[in-house]
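The opening position of the sequence shown corresponds to residue 603 in our numbering, with each subsequent residue numbered one higher.
Ideal Cβ placement from N, Cα and C applies to all residues, glycine included.
All figures in this text were calculated on a predicted structure; none of them were measured in a lab.
The next block holds one structure in the form of structure tokens; read it before the comments.
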Amino acid sequence: MTIELKESELRREPDLPRTNDGKLDYERIIETPEFKLLVKKKNRFLTPYVIAFFAIYLLLPILTGYTSILETRAIGWMTWTWVYAFGLFVMVWVFTQIYVKKARDFDKDVDQIIKKHVRD
603 MTIELKESEL RREPDLPRTN DGKLDYERII ETPEFKLLVK KKNRFLTPYV IAFFAIYLLL
663 PILTGYTSIL ETRAIGWMTW TWVYAFGLFV MVWVFTQIYV KKARDFDKDV DQIIKKHVRD
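So this is what it looks like as structure tokens:
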């Protein structure tokens, strides 16, 4: 049994203005200079975090597989491998919080672009 819901039932936010055929005019929005600037700004923000994440994440299997650097004891019975692995979880939480805070600014920019370029 499938339940079909109208788009308006799925969305809790007020409907955005639409074109004559009932669809949002995305093609027009993505061609605007404001949207292109937003994409560049977002990519400039994300790129260092993505590079840092993959570098730090991939360093663990390299250090544990090809060296013995992380095999020494750090705290009691725990080796540096465990400390490093736990640090990866902390890194993910920190990166997530940084992105969530920055995403609020991106959302404000998106709202301004929609208000400016979507027909009433």
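Three-state secondary structure assigned by DSSP to residue i
| i | result |
| --- | --- |
| THR669 | coil |
| THR634 | coil |
| THR698 | helix |
| THR681 | strand |
Buried versus exposed call for residue i [16 or more other C-beta atoms within 10 Å across all chains shown]
| i | result |
| --- | --- |
| GLU611 | Its pLDDT being 47, under 50, GLU611 is placed unreliably by the model, and the measurement read from it follows with that caveat. It is exposed - the Cβ of GLU611 has fewer than 16 other Cβ atoms within 10 Å. |
Whole-number beta carbon distance between residue j and residue i, since they are thought to touch under 8 angstroms
| i | j | result |
| --- | --- | --- |
| PHE708 | LYS638 | The Cβ separation is near 14 angstroms, so there is no contact. |
| LEU662 | TYR686 | 6 angstroms |
Is there contact between the stretch 711-720 and the stretch 662-675, where contact requires at least three CB pairs shorter than 8 angstroms? no
Can you give, in chain order, each stretch of the beta strand (DSSP E) that sits fully within the stretch 640-666 and has at least 3 residues? none
For the 8 angstroms Cβ check, are there 3 or more pairs between the stretch 630-649 and the stretch 676-694? no
Contact between the stretch 688-703 and the stretch 642-657: three or more CB pairs below 8 angstroms? yes
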